[in-house]
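Visitor: Top to bottom, those sequences are chains L and B.
Mind the numbering: the first sequence is residues 1 to 302 in UniProt numbering, read in order.
Mind the numbering: the second sequence is residues 1 to 295 in UniProt numbering, read in order.
Think of the CB as a built atom: it goes at the ideal place given N, C-alpha and C, for glycine as much as any other residue.
Remember, it's a predicted structure, so these values are computed and weren't measured experimentally.
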Amino acid sequence: MGASQSTESNLTARIQRHLSKIVVAPSFAASLFFVYGFILWTGYMAFSKSRMLPVWDWAGLRQYERLWQMERWHVAIENLLVFGGLFIVTCLIIGCLLAVLLDQRIRAEGALRTIFLYPMALSFIVTGTVWKWLLNPGLGLESMMHDFGWTSFKFDWLVNSDMAIYTVVIAAVWQASGFVMAMFLAALRGVDQDIIRAAYMDGASLPRIYFGIIIPSIRPVFLSAIVVLAHLAVKSFDLVIALTGGGPGYASDLPATFMYTMAFQRNQLGVGAASAMMMLATVMAIIVPYLYSELRGGKKNG
Amino acid sequence: MADLQTYSHDAGWKNTVLRGLLYLVLILFAAYYLFPLIVMISTSLKSLDEIREGSLISLPRVVTFDAWNYAWNEACVGVECTGIKVYFWNSVKMAIPAVLISTFLGAINGYALTKWRFKGANIVFALLLFGCFIPFQVVLLPMSQVLGKLGLASSTPGLVMVHVVYGLCFTTLFFRNYYVSIPDELVKAATIDGAGFFTIFWRIILPISTPIIVVSVIWQFTQIWNDFLFGASFASGENAPMTVALNNIVNTTTGVKQYNVDMAAALLTGLPTLLVYVLAGKYFVRGLTAGSVKG
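Right, dumping it as structure tokens:
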């Protein structure tokens, strides 16, 4: 009697244990198909002869060769380096500065934090729309400066091929720097107070406390912020579309907009797929080492 | 926290000056962040004539809601002049099911992966997690073919599916990390009392999950509402979400450029997520940091 009851409860327990697998299975299957399957699919497409329609005929590295022969792809890559570099550095400087300033027992800190961070809640399309209006040469900032009496002021970056990519930096920094501030602020609040107090007792000045103790101790946050921002930069698409449309011409194209144009407007599926694989490789080169070190660190700590 | 007041060797007056400077810099930054929003609101309330004559920062002399009305009811997206309201509802119809389904799946996945651990649960989680980091360009081409085959091309259900599939990794991450910190004894005690997998989930786990549900719902809502890439790739035309419609209105090249309508349409598009942010900022920030920092 007792024995049969225990096998029965064993059985239920085993079903329960399987239930857990059954519940996760659909999500796992979806991920296998829609993430891993699609990556392989795109990867294959990049080796095929696909142009207007997807075909399975093998073309070897032909699409990658065509991709790297395209002037437009080189512009997109250079733009990504310029945009990514400036975007990351400026966001780090502004974010870190604001966090340190907010960490001084500021009155209305909550309100200021809300103001610094709200752009992050907006769609990049909204951000692009408003900055397009602010920076438009006719009625925007330029005419505002003229009204102030500075009539020689010229600001035509939005329609200037050499400068258009910098307008994307301006808008992107406006949107994301508050987020970096939030990350740094959280880290600053976690710094050990006793070490700071000890340094102060030893006569260290506030700047020395910051540069000598606090900033080195929040180094991991710098790394996290850089990874997050780099990831954002590589994926940047909406903002360019809304702000410059990749223009003038293709002067402010990024890999993400390049891929979209090739795949959906130019009937170059193979080149589009090849550029998507290049983007994936770039993101993986950033994310995988980071995740690896994070997970290892997590194990060490816990 | 290392602040001036507590950690200063200098005389009092010097600190007062520094603090004044501190507030000045902070206020200037606040002005920088607020400036586009203020210009957006003020431009949307002006008439076109006033925009042409006046300056960017001048407040409207005559406040008119014509541009808002026009953007909502009459603005042309492509050849359809139905206003942005149609696309607003498209976005609502897309976001609500996608947010609910992906949050629910994330919750039950997180519960299964932490409280009923099976062999390989960690690997399954790691494989799921990977989806958070891929640039979505790499799935666009296969997805458009699959949606076509399923008969879901250019449809709201198709977009719901896309957002659920690619939102899953984030929601699973949120719930998994939350449930890891809940003691296993809670579940063990309930199993001894005879409660099963789903009973424990509904009766014990879900009731204590409110904070992480809020984080997940806000994160997913913001992501899905603000999405442009999937919307533009898979749902152009009358089923397009609001961001795609806004971009269409703003970048249309025909007719007179109506900046006030552009701004009103942009505000209408941004309003839902802004509202969520103002009402639940704390959870918004938690989602941001959990979603993008911790792997």
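1) Which residue from B/286, B/280, B/244, B/126 puts its Cα closest to that of residue 316 of chain L?
2) Taking Cβ positions only, does residue 196 of chain L come closer than 8 Å to chain B?
3) Within 8 Å of any Cβ in chain L, is that where the Cβ of residue 234 of chain B sits?
4) For residue 226 of chain L, tell me which candidate among L/93, L/14, L/50, L/30 has the shortest Cα-Cα distance.
5) Nearest-angstrom Cα distance between residue 206 of chain L and residue 107 of chain L?
6) Closest Cβ-Cβ distance between residue 140 of chain L and chain B: below 8 Å?
7) If I follow the unbroken alpha helix (DSSP H) through residue 204 of chain L, where does it start and stop?
8) Any beta carbon of chain L sitting closer than 8 Å to that of residue 52 of chain B?
9) Roughly how many angstroms lie between the CA atoms of residue 130 of chain L and residue 263 of chain B, to the nearest whole one?
10) Nearest chain B C-beta to residue 163 of chain L closer than 8 Å, yes or no?
11) Could you tell me whether the Cβ of residue 281 of chain B comes closer than 8 Å to any Cβ of chain L?
12) Could you have a look at residue 47 of chain B and say whether DSSP puts it in helix, strand or coil?
13) Please classify residue 168 of chain L as buried or exposed, where buried requires at least 16 neighbouring CB atoms within 10 angstroms.
14) List, in chain order, every chain B residue whose beta-carbon is nearer than 8 Å to that of residue 268 of chain L.
15) Going by C-alpha distance, which of L/248, L/199, L/214, L/42 is nearest residue 160 of chain L?
16) Taking contact to mean 3 or more Cβ pairs, one atom from each stretch, closer than 8 Å, check whether the stretch 48 to 60 of chain L and the stretch 284 to 296 of chain L are in contact.
17) Note down, in chain order, each residue of its chain lying with its Cβ closer than 7 Å to the Cβ of residue 157 of chain L, except the 5 sequence neighbours on either side.
18) Could you tell me the alpha carbon to alpha carbon distance between residue 19 of chain L and residue 197 of chain B, rounded to whole angstroms?
19) Would you check if the distance between the CB atom of residue 57 of chain B and the CB atom of residue 145 of chain L is smaller than 8 Å?
20) Here's the rule I'm using: 16 or more other beta-carbon atoms within 10 Å means buried, otherwise exposed. How should residue 238 of chain L be labelled?
21) Please report the straight-line C-alpha distance between residue 303 of chain L and residue 139 of chain L, rounded to a whole angstrom.
22) Taking just the CA atoms, how far does residue 245 of chain L sit from residue 283 of chain L?
23) Output, in sequence order along the chain, the residues in the stretch 41 to 73 of chain L whose CB is closer than 8 Å to any CB in chain B.
24) Since I believe residue 106 of chain B is in contact with residue 159 of chain B (beta carbons under 8 Å), could you give me their beta-carbon distance rounded to a whole number of angstroms?
25) Go through its chain and collect everything with a Cβ distance to residue 181 of chain L's Cβ below 6 Å, but skip five positions before and after it.
26) List, in chain order, every chain L residue whose beta-carbon is nearer than 9 Å to that of residue 259 of chain B.
27) Can you find at least 3 beta carbon pairs, one from the stretch 45 to 52 of chain L and one from the stretch 186 to 201 of chain B, that sit closer than 8 Å?
28) Under a Cβ-count criterion, where at least 16 other Cβ atoms within 10 Å of its own Cβ denotes burial, should residue 91 of chain B be classed as buried or exposed?
29) Name the chain B residues that come within less than 8 Å of residue 279 of chain L, Cβ to Cβ?
30) How about residue 262 of chain L: is its C-beta nearer than 8 Å to some C-beta of chain B?
31) Please state whether the Cβ-Cβ distance between residue 138 of chain B and residue 90 of chain L is less than 8 Å.
32) Of all the alpha helix (DSSP H) runs that stay within the bounds of the stretch 209 to 274 of chain L, which reach a length of 4 or more residues?
33) Is the beta carbon of residue 176 of chain B less than 8 Å from the beta carbon of residue 127 of chain B?
34) Under 8 Å between C-beta atoms, does residue 30 of chain B make it to chain L?
35) May I have the straight-line CA-CA distance separating residue 276 of chain B from residue 32 of chain L, to the nearest angstrom?
36) Run the CB neighbour count on residue 211 of chain L, radius 10 Å, all protein chains shown included, and call it buried at 16 or more, exposed below.
Guide: The structure says:
1) Look at the range of chain L in this structure, 1 to 302, and you will see that residue 316 of chain L is not part of it.
2) Closer than 8 Å: yes.
3) At a cut-off of 8 Å between beta carbons, residue 234 of chain B makes no contact with chain L.
4) L/93
5) 20 Å
6) yes
7) For residue 204 of chain L, no alpha helix (DSSP H) run applies, since DSSP gives it neither H nor E.
8) Answer yes: the Cβ-Cβ gap between residue 52 of chain B and chain L drops below 8 Å somewhere.
9) Those two C-alpha atoms are separated by around 7 Å.
10) no
11) yes
12) Assignment of residue 47 of chain B by DSSP, reduced to helix, strand and coil, places it in the coil class.
13) buried
14) Those within 8 Å of residue 268 of chain L in chain B number zero; the least Cβ separation is about 11 Å.
15) L/248
16) No contact exists between the stretch 48 to 60 of chain L and the stretch 284 to 296 of chain L.
17) 135, 163, 164, 166, 167
18) 7 Å
19) For the 8 Å CB-CB criterion, residue 57 of chain B and residue 145 of chain L do not form a contact.
20) buried
21) The structure shown does not extend to residue 303 of chain L, since chain L is modelled only from 1 to 302, so the question has no answer here.
22) 23 Å
23) 41, 42, 45, 54
24) Contact between residue 159 of chain B and residue 106 of chain B fails: their C-beta atoms lie close to 19 Å from each other, not under 8 Å.
25) Here the set comprises 95, 98, 99, 116.
26) 133, 136, 139
27) Contact between the stretch 45 to 52 of chain L and the stretch 186 to 201 of chain B is absent, because fewer than three Cβ pairs lie under 8 Å.
28) Buried, since its Cβ has 16 or more Cβ neighbours within 10 Å.
29) 135, 137, 138
30) no
31) no
32) 219 to 235, 238 to 243, 255 to 264
33) no
34) Yes - at least one Cβ of chain L is within 8 Å of the one on residue 30 of chain B.
35) 33 Å
36) exposed
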